[in-house]
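Trainee: Provided herewith is a single structure, encoded as structure tokens, for subsequent inquiry.
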Amino acid sequence: MTIKEIQNEIVDEFSMFDDWMQRYEYIIELGKTLPMIDENYKVDENIIRGCQSKVWVHGEEQDGKVIFTADSDAILTKGIIAILIRAFSNQSAVAILDANTDFIDEIGLKEHLSPTRANGLVSMIKQIKLYALAFQTRQQ
């Protein structure tokens with residue numbers, strides 16, 4: 103699936119819920135499906151700066167695709183990074199760099215987060231894009 107197809111799928115899933123309590127519960131459930139980061143990557147250099155909780159993201163390239171793993175010490179944040187990894191992992195660096203993140207606004211996530219969590223969300227996206235940029239630069 104393309105990034106856009108995955109993002110549309112996520113938007114469809116969130117549209118099934120009537121209120122934000124149900125959506126928060128769903129985000130927490132998604133966090134339980136997060137591809138776990140190897141303990142070796144739970145180091146300071148993989149921590150997302152700007153998050154109120156600790157979030158570690160690691161990316162590596164396999165067969166031309168960027169594979170992300172992550173973890174967080176907060177259940178809601180774990181769900182948020184799980185959504186991002188679902189959308190961007192197993193994609194080419196170019197596709198990740200070209201992708202927009204409008205689906206975040208479509209599901210209303212940013213507006214329902216505290217300002218510090220919203221900043222953390224932006225920082226997570228930025229880190230994912232930086233990994234893609236690094237891998238793309240290496241390919242050229």
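Per my numbering, residue 103 is the first one in the sequence shown, and the count goes up by one each step.
From the three backbone atoms N, C-alpha and C, an ideal C-beta is built for every residue, glycine too.
Every value quoted in this text rests on a predicted model; they were computed, and no experiment measured them.
Closest to T239 by CA distance: which of E115, L199, D146 is it?
Mentor: Reading the sequence shown from its first residue, position 137 is the one you call residue 239. The residue with the shortest Cα to Cα distance from T239 is L199.
Trainee: With which residues is M138 paired in a DSSP beta bridge?
Mentor: Working through the sequence shown from its first residue, we reach residue 138 at position 36. M138 pairs with A172.
Trainee: I need the DSSP call for K167, collapsed to helix, strand or coil.
Mentor: Translated into positions along the sequence shown, residue 167 becomes position 65. Three-state result, K167: strand.
Trainee: Going by the CB atoms, is the gap between M123 and D73 shorter than 8 angstroms?
Mentor: Outside the shown range of the chain (103 to 242) lies residue 73, about which nothing can therefore be said.
Trainee: State the Cα-Cα distance for the pair E141 and R219, rounded to the nearest angstrom.
Mentor: Here residue 141 is taken as the residue at index 39 of the sequence shown, counted from 1. Here residue 219 is taken as the residue at index 117 of the sequence shown, counted from 1. Each residue's alpha carbon lies about 24 angstroms from the other.
Trainee: Give a yes or no on contact between the stretch 165–179 and the stretch 112–121, applying the rule of three or more CB pairs nearer than 8 angstroms.
Mentor: No, the stretch 165–179 does not touch the stretch 112–121.
Trainee: Excluding five sequence neighbours on each side, which residues of the same chain lie with their C-beta closer than 7 angstroms to the C-beta of T135?
Mentor: In the sequence shown, the residue the question calls residue 135 occupies position 33. The residues are A184.
Trainee: Where does V145 fall in DSSP's three states?
Mentor: Numbered from 1 along the sequence shown, position 43 holds the residue referred to as residue 145. Note: V145 maps to coil in three-state DSSP.
Trainee: Round the Cβ separation of K167 and N192 to the nearest angstrom and send it over; I've been treating them as touching at under 8 angstroms.
Mentor: Locating residue 167 in the sequence shown gives position 65, counting from the first residue. Locating residue 192 in the sequence shown gives position 90, counting from the first residue. Confirmed, Cβ separation roughly 5 angstroms.
Trainee: Since E162 sits in a beta bridge, which residues does DSSP pair it with?
Mentor: As a working mapping, residue 162 is identified with position 60 in the sequence shown. I169, per the DSSP bridge assignment.
Trainee: Does the distance from the C-beta atom of I108 to that of A189 stay below 8 angstroms?
Mentor: Here residue 108 corresponds to residue number 6 of the sequence shown, with the count starting at 1. Here residue 189 corresponds to residue number 87 of the sequence shown, with the count starting at 1. Yes, Cβ-Cβ distance for I108 and A189 is below 8 angstroms.
Trainee: Starting from the Cα of H160, find the closest Cα among I150, G152, T171 and give me that residue.
Mentor: The residue labelled residue 160 in the question sits at position 58 within the sequence shown. Selected option, being the one with the closest Cα: T171.
Trainee: Can you tell me whether Q238 is helix, strand or coil according to DSSP?
Mentor: Locating residue 238 in the sequence shown gives position 136, counting from the first residue. Residue state, collapsed to three classes: helix.
Trainee: Any idea which residues DSSP pairs Q193 with across the strands?
Mentor: Taking the first residue of the sequence shown as 1, we reach residue 193 at position 91. For Q193, which the question treats as bridged, DSSP gives the partners V168.
Trainee: Any idea if M226 is buried or exposed, counting beta-carbon neighbours within 10 angstroms, 16 or more meaning buried?
Mentor: As a position in the sequence shown, residue 226 is number 124, starting the count at 1. Label assigned to M226: buried.
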